[in-house]
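If you're matching positions, the sequence shown starts at 1 in the numbering used here and goes up one per residue.
Note that the Cβ used here is the ideal one computed from N, Cα and C, for glycine as well.
Just below is one structure, and these are the notes that go with it.
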Amino acid sequence: MTHTALARKYRPKRFADLLAQEHVAAGLAGAVARNRVAHAYLLTGPRGVGKTTAARILAMALNCERPGAGSGVGGEPCGECESCRRIWSGAANLDVVEIDAASNRGVDDARELRERAMYAASGPERSKVYIIDEAHMLTREAWNALLKILEEPPPRVVFVFATTEPHKIANTAAPVLSRMQRFDFRRIGPGTIAGRVREVARQESIQIEEDALALIARVALGGMRDALSLVDQVVAFGDGPVTAARVREALGLKCVTRVFMHEPLTNLRKVVIVQMRRPTEHEVWRALMATASFEQEVGKVVVAVDEDIEPENADAVLWAMAYRMRPHRDVQVIHGRARGHARPFRGEARGPWVQAEGEDSAMLINATLKEAYPPIALPKREYMERARGLGGELGLPELRPEAPWYGYSLGDWPAELEAEAELAVRGEHYATGEQQAGQRRSPDTADGPASPDLDTGM
Numbered sequence: 001m002t003h004t005a006l007a008r009k010y011r012p013k014r015f016a017d018l019l020a021q022e023h024v025a026a027g028l029a030g031a032v033a034r035n036r037v038a039h040a041y042l043l044t045g046p047r048g049v050g051k052t053t054a055a056r057i058l059a060m061a062l063n064c065e066r067p068g069a070g071s072g073v074g075g076e077p078c079g080e081c082e083s084c085r086r087i088w089s090g091a092a093n094l095d096v097v098e099i100d101a102a103s104n105r106g107v108d109d110a111r112e113l114r115e116r117a118m119y120a121a122s123g124p125e126r127s128k129v130y131i132i133d134e135a136h137m138l139t140r141e142a143w144n145a146l147l148k149i150l151e152e153p154p155p156r157v158v159f160v161f162a163t164t165e166p167h168k169i170a171n172t173a174a175p176v177l178s179r180m181q182r183f184d185f186r187r188i189g190p191g192t193i194a195g196r197v198r199e200v201a202r203q204e205s206i207q208i209e210e211d212a213l214a215l216i217a218r219v220a221l222g223g224m225r226d227a228l229s230l231v232d233q234v235v236a237f238g239d240g241p242v243t244a245a246r247v248r249e250a251l252g253l254k255c256v257t258r259v260f261m262h263e264p265l266t267n268l269r270k271v272v273i274v275q276m277r278r279p280t281e282h283e284v285w286r287a288l289m290a291t292a293s294f295e296q297e298v299g300k301v302v303v304a305v306d307e308d309i310e311p312e313n314a315d316a317v318l319w320a321m322a323y324r325m326r327p328h329r330d331v332q333v334i335h336g337r338a339r340g341h342a343r344p345f346r347g348e349a350r351g352p353w354v355q356a357e358g359e360d361s362a363m364l365i366n367a368t369l370k371e372a373y374p375p376i377a378l379p380k381r382e383y384m385e386r387a388r389g390l391g392g393e394l395g396l397p398e399l400r401p402e403a404p405w406y407g408y409s410l411g412d413w414p415a416e417l418e419a420e421a422e423l424a425v426r427g428e429h430y431a432t433g434e435q436q437a438g439q440r441r442s443p444d445t446a447d448g449p450a451s452p453d454l455d456t457g458m
């Protein structure tokens, strides 16, 4: 029996089912209900958040045989009629055509699309819908060929362009943007993803642990399709419940414990922290590269830290970068990811403002512990507890140390160093100095060169 991927099987059938995209659902459903559907739409946003699905639901709503029957809400398709089922499944349809612009990007492809759009739909109450995915891949000449039909479209013809990189369309075909209605899709929050995956797992009789749910929701980086695809991948590994360990194994990064993105919904800082458990250097760089490549608009700065560093604690992350990172060896820059951020300029002909086709980049930082750290680098817990007590006696503000500032030892603590630390805690610093002085070689010893005489007599 052929298996249907979970991401396809549980794809939304109604606008109301689009998670975290209420603004899109309200706009498109309202347009259908009020018969105010635009002739062209531009759907933008990260991958896996519902752009193509929303385009299909719009096509279903425009060609539904029993509109609103399934939900009783105006503008929604029934999802059960023959037309809805064919469109939802992606089967061949005379009135709904999906085009991959990555492989049909040239001017000849655009001219063919323009000619096909001139033919009427298969019925008087039906609409022709052209869904162009990866629209940013269309060439400038292709956009120019479509400009006229977008400006004066035939009746009951709707174009839906979907893209993850709208800035490239602005660079190559700025005039077409004013001829389309734009909807920006948001990343889906980890809590929403976890809830949806939990419900899908229940319907599929898949046992999944809460830790695994949380990990899947984090590594999906706001994409529901990636989350469900990861569940499929883990289940295919073998029988048994889906655990966090199995998820990490499926990702090929067993030592990764967390992937944390600052401001996951707005993505303003573009900083991703990868928390790892006792990784090798090869595993660190593999995790950093995978995180940076997962979605190029997410990780401008990707930092790997050990599991004793809390990713949410910016001070702890900065501390790890300051004390565990070697800038000459632990920093790499990936070039050529996307366009740069140079200011728009006018060419020699003083034409319209254009954006330089530069390149974006990502910085990868390995801030994990590389080797045994000198024990003097962090104060022992006894120091901090003693300082807390003295502060209380003096009436100073309460001292609240937190990891990694105290409470454990970094690297090797040989017995002699432990003894020296205990002497220092008791205030017997002089004893350590006397021991070190006794270990110095005497000028009269015959088994080695004399210590340099600092008194030159001058």
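Chain B contact for residue i (CB, 9 Å cutoff)
{"i": "A217", "result": "This model lacks chain B altogether; it includes just one protein chain."}
Rounded straight-line distance, which links the Cα of residue j to that of residue i
{"i": "G45", "j": "S205", "result": "32 Å"}
{"i": "N63", "j": "E76", "result": "11 Å"}
{"i": "V158", "j": "N313", "result": "48 Å"}
{"i": "S290", "j": "V284", "result": "Residue 290 is actually Ala in this sequence, not Ser. Near 10 Å, if we compare the C-alpha coordinates of V284 and A290."}
{"i": "V333", "j": "A322", "result": "18 Å"}
{"i": "K128", "j": "V235", "result": "39 Å"}
{"i": "R287", "j": "T163", "result": "Correcting the residue identity first, residue 287 is Ala in this sequence and not Arg. If you take the alpha carbons of A287 and T163, they lie about 27 Å apart."}
{"i": "A120", "j": "L94", "result": "10 Å"}
{"i": "A142", "j": "M180", "result": "16 Å"}
{"i": "S122", "j": "I188", "result": "37 Å"}
{"i": "R79", "j": "R85", "result": "The sequence as given places Gly at residue 79; Arg does not occur at that position. Near 6 Å, if we compare the C-alpha coordinates of R85 and G79."}
{"i": "E434", "j": "A421", "result": "14 Å"}
{"i": "R343", "j": "A174", "result": "In this predicted model, R343 has a pLDDT of only 45, less than 50, meaning its place in the structure is not dependable enough to derive any value."}
{"i": "P190", "j": "P241", "result": "21 Å"}
{"i": "G389", "j": "L396", "result": "10 Å"}
{"i": "E371", "j": "E281", "result": "11 Å"}
{"i": "T172", "j": "K51", "result": "21 Å"}
{"i": "I99", "j": "G90", "result": "12 Å"}
{"i": "F237", "j": "E428", "result": "59 Å"}
{"i": "R202", "j": "S83", "result": "29 Å"}
{"i": "G222", "j": "A7", "result": "14 Å"}
{"i": "P67", "j": "V107", "result": "37 Å"}
{"i": "R140", "j": "E165", "result": "15 Å"}
{"i": "A110", "j": "D239", "result": "48 Å"}
{"i": "G74", "j": "R198", "result": "30 Å"}
{"i": "P452", "j": "P327", "result": "The pLDDT assigned to P452 is 45, lower than 50, so where the model puts this residue is not dependable; a value taken from the coordinates is nonetheless given after this. If I take the Cα positions, the gap works out to 36 Å."}
Extent of the continuous beta strand (DSSP E) to which residue i belongs
{"i": "D184", "result": "181-184"}
{"i": "D95", "result": "No beta strand (DSSP E) contains D95, which DSSP labels as neither H nor E."}
{"i": "E270", "result": "For the record, residue 270 in the displayed sequence is Lys; it is not Glu. Unbroken run through K270: none, as it is neither H nor E."}
{"i": "H335", "result": "331-335"}
{"i": "D306", "result": "301-306"}
Cβ shell of residue i (< 6 Å), same chain only, five flanking positions each side left out
{"i": "Y10", "result": "V200"}
{"i": "A485", "result": "Absent from the model: residue 485. The displayed extent of the chain is 1 to 458, so no value can be given."}
{"i": "P153", "result": "H39"}
{"i": "A220", "result": "I193, D226, A227"}
{"i": "L58", "result": "L28"}
{"i": "T459", "result": "Look at the range of the chain in this structure, 1 to 458, and you will see that residue 459 is not part of it."}
{"i": "L42", "result": "F161, M180, R182"}
Cβ-Cβ distance between residue i and residue j below 9 Å
{"i": "L138", "j": "R186", "result": "no"}
{"i": "I365", "j": "D330", "result": "yes"}
{"i": "S229", "j": "A54", "result": "no"}
{"i": "F183", "j": "H23", "result": "yes"}
{"i": "I149", "j": "A117", "result": "yes"}
{"i": "V259", "j": "R196", "result": "no"}
{"i": "A25", "j": "V49", "result": "no"}
{"i": "L146", "j": "V176", "result": "yes"}
{"i": "R126", "j": "R156", "result": "yes"}
Cβ-based neighbour list, residue i, same chain, cut-off 7 Å, excluding 5 preceding and 5 following
{"i": "A431", "result": "L423"}
{"i": "I376", "result": "Summary for I376: the model assigns pLDDT 46, below 50, so the residue's position carries little reliability; its value from the coordinates is reported in the next sentence. Closer than 7 Å at Cβ, skipping near neighbours: no residue."}
{"i": "T257", "result": "Q275, M276, R277, E307"}
{"i": "E310", "result": "A316"}
Terminal residues of the alpha helix (DSSP H) in which residue i lies
{"i": "A322", "result": "314-324"}
{"i": "T172", "result": "166-172"}
{"i": "L42", "result": "No alpha helix (DSSP H) holds L42; the beta strand (DSSP E) holding it covers 40-44."}
{"i": "L19", "result": "First-last for L19: undefined, no H or E at that position."}
{"i": "K148", "result": "140-151"}
{"i": "N63", "result": "51-63"}
{"i": "M363", "result": "Segment 361-366 is the beta strand (DSSP E) holding M363; no alpha helix (DSSP H) there."}
{"i": "D108", "result": "107-117"}
{"i": "K9", "result": "6-9"}
Close beta carbons around residue i, own chain, < 8 Å, minus the five adjacent residues each side
{"i": "T368", "result": "M276, P279, V284, A304, V305, D306, A320, R324"}
{"i": "I87", "result": "R56, A59, M60, N63, N93, V96"}
{"i": "E65", "result": "C78, C81, E82, S83, C84"}
Cβ-heavy atom distance, residue i to the ligand SAM, below 8 Å
{"i": "H328", "result": "As presented, the structure is devoid of all ligands, the ligand SAM included, so that no description of it is given."}
(Q) Could you check whether the stretch 245-252 touches the stretch 27-35, counting it as contact only if at least three pairs of C-beta atoms, one from each stretch, sit closer than 8 Å? (A) Taking 8 Å as the limit for Cβ pairs, the verdict is that the stretch 27-35 does not touch the stretch 245-252.
Q.
With three or more C-beta pairs closer than 8 Å as the rule, is the stretch 132-146 touching the stretch 11-30?
A. Verdict: no, contact absent.
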